[in-house]
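Novice:
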Amino acid sequence: VAARSEGPGRGSSFEVHLPLADAALLPVRAAPDGAAQPGGPATVLVVDDNQDAADSLAEALRSLGQQVGVAYSGPQALELLATPRPAVAVLDIGMPGMDGCELATRIRQDAAHAGIVLVALTGWGQQRDREQTQAAGFDHHLVKPMDFDKLVGILQGLQVVAAAPPAAANLSVVGPSGAQ
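The numbers in this note's numbering rise by one with no breaks, and the one at position 40 of the sequence shown is 1513.
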């Protein structure tokens, strides 16, 4: 960070240098047939009725080189799932109308969406809440306020899926406490 000024009333300039993300750490992109392709960013769908939260998360993911789509409701998310097919969908649970669990169930019932990694994003973190999201078909459960590094870890885990045999393609993230 550098700051410069020619004196009072003459303005100021500020310069910030940020390192670029290491391309080796970026996740792979899912192809339309569900196969992972190394070397590209993941396509992520963020779904949250809180537009500020959805847009902020989308921008943070874009800053890492991800391709991101945003929906503000379950029905809008179903429309966006067609193109481009995301590798990951981050779904808020507490949305009005079609909540995140119903949306996840619908996604899992449609064979066209097989292989999408579903991440629950919720303010509810009790064991019964985790069981509910697991029953709805979620692969991961993140509690608000979200630890962004955990989401990045999930995205990086997609590289493991690309190299793993099909039988080992189920993802699971274990936190420091051992809880999933």
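From the three backbone atoms N, C-alpha and C, an ideal C-beta is built for every residue, glycine too.
1. 9 Å is my cut-off, CB to CB: does A1587 come that close to chain B?
2. Spatial neighbours of L1615 within its chain, please: C-beta separation below 7 Å, excluding the five flanking residues on both sides.
3. Run through DSSP, which three-state label would Q1540 get?
4. Mapping DSSP to helix, strand and coil, what is D1622?
5. Within 10 angstroms of its Cβ, does F1611 collect 16 or more other Cβ (buried), or is it exposed?
6. Would you decide whether T1539 is buried or exposed? Buried here means 16 or more other CB atoms lie within 10 Å of its CB.
7. Take every Cβ of the segment 1534-1550, pair it with every Cβ of the segment 1517-1526, and state whether three or more of those distances are shorter than 8 Å.
8. Between A1560 and V1489, what straight-line distance do the alpha-carbon atoms span, to the nearest angstrom?
9. Starting from T1516, trace the beta strand (DSSP E) in both directions and tell me its first and last residue.
10. From the DSSP output, which residues share a beta bridge with R1728?
11. Throw me the rounded Cβ distance for the T1578 and A1609 pair, which I believe falls under 8 Å.
12. To which residues of the same chain is V1474 closer than 6 Å at the C-beta, ignoring the five residues directly before and after it?
13. At which residues does the alpha helix (DSSP H) containing D1525 begin and terminate?
14. Spatial neighbours of L1534 within its chain, please: CB distance less than 6 Å, with the 5 preceding and 5 following residues excluded, ordered by chain position.
15. What residues are listed by DSSP as bridge partners for L1551?
16. Could you check the C-alpha separation between A1527 and L1631 for me, to the nearest Å?
17. Counting only the same chain and skipping the five closest in sequence on each side, list residues whose C-beta sits under 6 Å from that of P1639.
18. I'd like to check one pair, L1564 with D1521: are the Cβ atoms closer than 9 Å?
Specialist: Quick answer:
1. Absence of chain B from the displayed structure is noted, only one protein chain being present.
2. If we look at L1615 and ignore the five residues flanking it on each side, its Cβ neighbours are V1592, A1593, L1594, K1623, L1624.
3. Shown here, Q1540 sits in a strand according to DSSP, grouped into three states.
4. Three-state result, D1622: helix.
5. Classification of F1611: buried, given that the 10 Å Cβ count is 16 or more.
6. A small correction: the amino acid at residue 1539 is Gln; Thr does not occupy that position in the sequence shown. Counting Cβ neighbours within 10 Å, Q1539 comes out buried, since at least 16 surround it.
7. When Cβ pairs closer than 8 Å are counted between the two stretches, the segment 1534-1550 is seen to touch the segment 1517-1526, the count reaching three or more.
8. Taking the straight line from one Cα to the other gives about 33 Å.
9. From DSSP, the beta strand (DSSP E) with T1516 extends over 1516-1520.
10. Limits of the chain in this structure are 1474 at one end and 1653 at the other, which puts residue 1728 out of reach.
11. That pair is a contact at about 5 Å.
12. Excluding positions up to five away in sequence, the list reads V1489.
13. Segment 1524-1535, the alpha helix (DSSP H) holding D1525.
14. Hits under 6 Å: V1517, V1541.
15. In DSSP, L1551 forms no bridge with anything.
16. Spanning the two alpha carbons is a distance of roughly 22 Å.
17. Note on P1639: pLDDT 36, under 50, position unreliable in the model; the coordinate value appears next. The same chain holds no residue with a CB closer than 6 Å to that of P1639 once the five nearest residues on each side in sequence are set aside.
18. In terms of Cβ geometry, D1521 and L1564 form a close pair [threshold 9 Å].
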